[in-house]
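Student: In the numbering used here, the protein residues as written are 7 to 191.
1. Between the Cα of residue 58 and the Cα atoms of 155, 17, 30 and 180, which residue gives the shortest distance?
2. Excluding sequence positions up to five away, which residues of its chain have a Cβ less than 6 Å from the Cβ of residue 159?
3. Identify the residues that DSSP records as bridge partners of residue 67: which are they?
4. Determine the closest residue to residue 107 out of 134, 186, 81 and 124, with distance taken between C-alpha atoms.
5. If you compare alpha carbons, which of 32, 167 and 89 is closest to residue 127?
6. So what does DSSP say about residue 37, is it helix, strand or coil?
7. Keeping to the same chain, check which residues put their C-beta closer than 8 Å to that of residue 176; ignore five residues upstream and five downstream.
8. Opposite residue 117 in the DSSP bridges: which residues?
9. Assuming residue 154 and residue 169 form a contact by the criterion Cβ under 8 Å, report the distance between their Cβ atoms to the nearest whole angstrom.
10. Does residue 180 come out as helix, strand or coil in the three-state DSSP assignment?
11. Is it true that the stretch 59-68 meets the stretch 76-96, where meeting means three or more beta-carbon pairs spaced less than 8 Å apart?
12. Going by DSSP, what residue range makes up the alpha helix (DSSP H) through residue 167?
13. How should residue 10 be labelled, buried or exposed, when 16 other C-beta atoms within 10 angstroms of its C-beta is the threshold for buried?
14. For residue 32 versus residue 74, is the C-beta distance shorter than 8 Å?
15. Is it buried or exposed for residue 24, if we count other Cβ within 10 angstroms and need 16 for buried?
16. By the 10 Å Cβ neighbour count, where 16 or more other Cβ atoms means buried, how is residue 56 classified, buried or exposed?
17. Per DSSP, what are the beta-bridge partners of residue 150 in this structure?
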């Protein structure tokens, strides 16, 4: 079940009359007048609620002579809520796009002609800049401290701070004077 369909269904179920209609349809298929009589509501009210339930995919209808017969779509209610929650959200692509736009804005703000103009004070922006610098290192290769300093120096003269920050942010690992990019998880 798609996220949008689940939201529509949950909103639809948040009504006592609709739940009573569903309880009746679990027992048997019915037409509007019979549901109205059973639940003590007007046919117009029942029709209104059935339209909402049908739009949400909870019931189906079919014509039979003069009547429209409504039945419960049981498979809709067999869906496990945990499966709905685990399903990838439709807004994830939008979130990824916003994150990428933010990254690009930070990089454009703090880098000029391939150089880091200033180390950002805000941790999130600093992390983005450090990740950008880390692209100059090869994954799986071990570097001596001097090599690390030379690579970082091409971005900013404060190589000590940047190197230390790359270690503290777990972008790079260090043992003695040997450094390497932390493998991606």
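Each residue gets a CB set at the ideal place from its N, CA and C atoms; glycine is no exception.
Tutor: The short version:
1. 17
2. 165
3. 76
4. 134
5. 167
6. strand
7. 188
8. 122
9. 6 Å
10. strand
11. yes
12. 165-174
13. exposed
14. no
15. buried
16. buried
17. 184
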